[in-house]
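Trainee: Be aware that the sequence shown starts at 1, since it is given in full-length UniProt numbering, and climbs by one per residue. Even for Gly, the Cβ is constructed at its ideal location relative to N, Cα and C. Just so it is clear, the structure is predicted and the values come from calculations on it, not from any experiment. Take a look at this one; I'll ask things after.
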Amino acid sequence: MSLAKVIGNNIHALMKKQNVKIKQLADLIGVTRQTMTKYLEGEVIIDSEKLFKIAEFFGKPLDYFLDNKHEEMAFLFRAHVLNKESISTVQYKVCDLINRVYEIYELAGEKISYLPQQYNLKIDSKEKQISKEIKLQIEQIALEEREWLNIGESRGEEIIECFENKGIRIIFEKFDMPDMFGVSALHDQKGCFIVINDDENIPEERKIFSIVHEYAHILFDRNQYRQVILQSTRRNIYEKIADKFAGYFLIPRKSLAKYSVLLKSQLSWNDLIYIKKDLRVSLKALLHVLNDYEYISDKEYQKWLKYLNMKGYSKKEPDPMPYFKKNTAHEKIVRMLFMKEQIGINKVAELLGISVEEARENAKKWMMDDRED
1 MSLAKVIGNN
11 IHALMKKQNV
21 KIKQLADLIG
31 VTRQTMTKYL
41 EGEVIIDSEK
51 LFKIAEFFGK
61 PLDYFLDNKH
71 EEMAFLFRAH
81 VLNKESISTV
91 QYKVCDLINR
101 VYEIYELAGE
111 KISYLPQQYN
121 LKIDSKEKQI
131 SKEIKLQIEQ
141 IALEEREWLN
151 IGESRGEEII
161 ECFENKGIRI
171 IFEKFDMPDM
181 FGVSALHDQK
191 GCFIVINDDE
201 NIPEERKIFS
211 IVHEYAHILF
221 DRNQYRQVIL
231 QSTRRNIYEK
241 IADKFAGYFL
251 IPRKSLAKYS
261 VLLKSQLSWN
271 DLIYIKKDLR
281 VSLKALLHVL
291 NDYEYISDKE
301 YQKWLKYLNM
311 KGYSKKEPDP
321 MPYFKKNTAH
331 EKIVRMLFMK
341 EQIGINKVAE
351 LLGISVEEAR
361 ENAKKWMMDD
371 RED
């Protein structure tokens, strides 16, 4: 069932239950009776601003209208989201993305209701620093999760496939919110999803870091996931733990062994760039881990951070990874479904969130590639 139809059915059910007339709701959101009818029948999808007004009117959370069975989708946003309109826009878009990806795997007959293990770190939310004991616990958990996910020697974008193979769905989408890095969402039936902002101004290395950062929240902060929770990027203890986990996960101690000659000497800028490019990680993440592993002192670490800021790398990445194509696993399944004639062009467009014209172009390419094979 399309998202437009799901939303329309849910609005209609609430109208019937509370004896609300079409004109009353149309006036509320500033549309004609005819347009409101199209929303209710699922012919046209309602935009997030209008849906937010309807949600407030009925006293329901936004995701109530996006789910066919009304099981709650629990979110944690890693962003500076400042108002209800921003929250509703992001939540609306994320729910649409998750529903589409879930349907892709459902049509392919793949089970995706996996939820990772939950760890309980004894942390006081008022604490400002992570103790040495907790750091060691986080490092050990990072190593265990790497092993469970079969990370092996995978680096950079290769790590995404490792998550996907275990049923943790990674979705990339461009959001017009440069300070929103990622959203993690949990659903008892649909499983675990991580949505990453694919804005071209965010370096690829930092997008990968955000995947692991969000995964850390899922592992350690499950009790914080409610209907909608906004997790600021300000440096609270939970954010520091997630950053710590991401660093240990992406740069385990043993991965630094081959750089032992460099690490035993005074590190130069070129040395750091060489290591970060080889590991396909952000320079900030590398510096953080090198400091934790005591390859560089606190003084050296602060010196390098000041140097990065001075050179304009607070948000940019020196010598960055090239942009790589995202959501390839989802597109591959849609292609397979189309080539097996299980879905048509309109469904391809719906599942991939593209126009019918773009879907036709994709289909032509798929058929040409199939002939060449």
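Quick one: using the 10 Å Cβ neighbour count with 16 as the cut-off for buried, is proline 116 buried or exposed?
Mentor: What you label residue 116 is simply residue 116 of the sequence shown in a count that begins at 1. Under this definition proline 116 is a buried residue.
Trainee: When you compare only the Cα positions, how much space is there between phenylalanine 163 and arginine 146?
Mentor: Position 163 of the sequence shown holds residue 163. Position 146 of the sequence shown holds residue 146. If you take the alpha carbons of phenylalanine 163 and arginine 146, they lie about 10 Å apart.
Trainee: Taking the straight line between their C-alpha atoms, what separation do you get for leucine 66 and tyrosine 293?
Mentor: On the sequence shown, position 66 is the one that residue 66 refers to. On the sequence shown, position 293 is the one that residue 293 refers to. Cα to Cα, leucine 66 sits roughly 45 Å from tyrosine 293.
Trainee: At the level of alpha carbons, what is the spacing between isoleucine 168 and valine 212?
Mentor: Start at 1 with the first residue of the sequence shown, and residue 168 comes out as number 168. Start at 1 with the first residue of the sequence shown, and residue 212 comes out as number 212. Taking the straight line joining both Cα atoms gives about 11 Å.
Trainee: So which of Glu204, Leu286, Lys122 and Gln266 has the shortest CA-CA distance to isoleucine 273?
Mentor: Indexing the sequence shown from 1 puts residue 273 at position 273. Ranking the options by Cα distance to isoleucine 273, first place goes to Leu286.
Trainee: Give the C-beta separation of isoleucine 104 and isoleucine 45 to the nearest angstrom, bearing in mind that I take them to be a contact with Cβ-Cβ under 8 Å.
Mentor: The sequence position of residue 104 within the sequence shown is 104, counting from 1. The sequence position of residue 45 within the sequence shown is 45, counting from 1. About 18 Å; that fails the 8 Å criterion.
Trainee: Could you check if valine 348 is buried or exposed, using at least 16 other CB atoms within 10 Å of its CB as the buried criterion?
Mentor: Against the sequence shown, residue 348 aligns to sequence position 348. The residue in question, valine 348, is buried, as its Cβ has 16 or more Cβ neighbours within 10 Å.
Trainee: Please state whether the Cβ-Cβ distance between tyrosine 248 and isoleucine 171 is less than 8 Å.
Mentor: In the sequence shown, the residue the question calls residue 248 occupies position 248. In the sequence shown, the residue the question calls residue 171 occupies position 171. No, these two residues do not count as a Cβ contact at 8 Å.
Trainee: Among residues of its own chain, excluding the 5 on either side of asparagine 10, which ones have a beta-carbon nearer than 7 Å to its beta-carbon?
Mentor: For the purposes of this step, residue 10 is identified with residue 10 of the sequence shown, where counting begins at 1. Excluding positions up to five away in sequence, the list reads Tyr64 and Phe65.
Trainee: Can you tell me where the alpha helix (DSSP H) with serine 260 in it begins and where it stops?
Mentor: The residue you call residue 260 lines up with position 260 of the sequence shown. 260 to 263 is the span of the alpha helix (DSSP H), which, as asked, contains serine 260.
Trainee: Work out the CA separation of lysine 254 and tryptophan 148 for me, nearest whole Å.
Mentor: In the sequence shown, counting from the first residue as 1, residue 148 sits at position 148. In the sequence shown, counting from the first residue as 1, residue 254 sits at position 254. Approximately 17 Å, taken between the alpha carbons.
Trainee: Using the beta-carbon count (16 or more within 10 Å), is valine 81 buried or exposed?
Mentor: Within the sequence shown, the letter at position 81 stands for residue 81. Bear in mind that the predicted position of valine 81 carries a pLDDT of just 48, short of 50, making it unreliable; the figure below should be weighed with that in mind. When all chains shown are included, valine 81 counts as buried.
Trainee: Would you call methionine 180 buried or exposed, if buried means 16 or more other Cβ atoms sit within 10 Å of its Cβ?
Mentor: One-based indexing of the sequence shown puts residue 180 at position 180. Per the 10 Å Cβ criterion, buried.
Trainee: How would you label valine 228, buried or exposed, when you count the other beta carbons within 10 angstroms and need 16 or more for buried?
Mentor: Reading the sequence shown from its first residue, position 228 is the one you call residue 228. No answer about valine 228 holds up, because its pLDDT of 47 lies below 50 and its placement is not dependable.
Trainee: What is the DSSP secondary structure of glutamine 227, reduced to helix, strand or coil?
Mentor: The residue given as residue 227 occupies position 227 in the sequence shown. Only weak support exists for where glutamine 227 lies, its pLDDT of 45 falling under 50; the value from the coordinates is given anyway. Three-state DSSP puts glutamine 227 in coil, outside helix and strand.
Trainee: What are the residues that DSSP puts in a beta bridge with histidine 187?
Mentor: Sequence index remark: in the sequence shown, residue 187 carries index 187 (1-based). Bridge partners of histidine 187: Gly191.
Trainee: Between tyrosine 114 and chain B, is any beta-carbon pair separated by less than 8 Å?
Mentor: Among the chains in the structure shown there is no chain B, since it carries only a single protein chain.
Trainee: Closer than 8 Å by C-beta to threonine 32: which residues in its own chain qualify, once you throw out the five before and the five after it? Chain order, please.
Mentor: Stepping through the sequence shown from its first residue, residue 32 is reached at position 32. Cβ neighbours of threonine 32 beyond the five flanking positions: Ala26.
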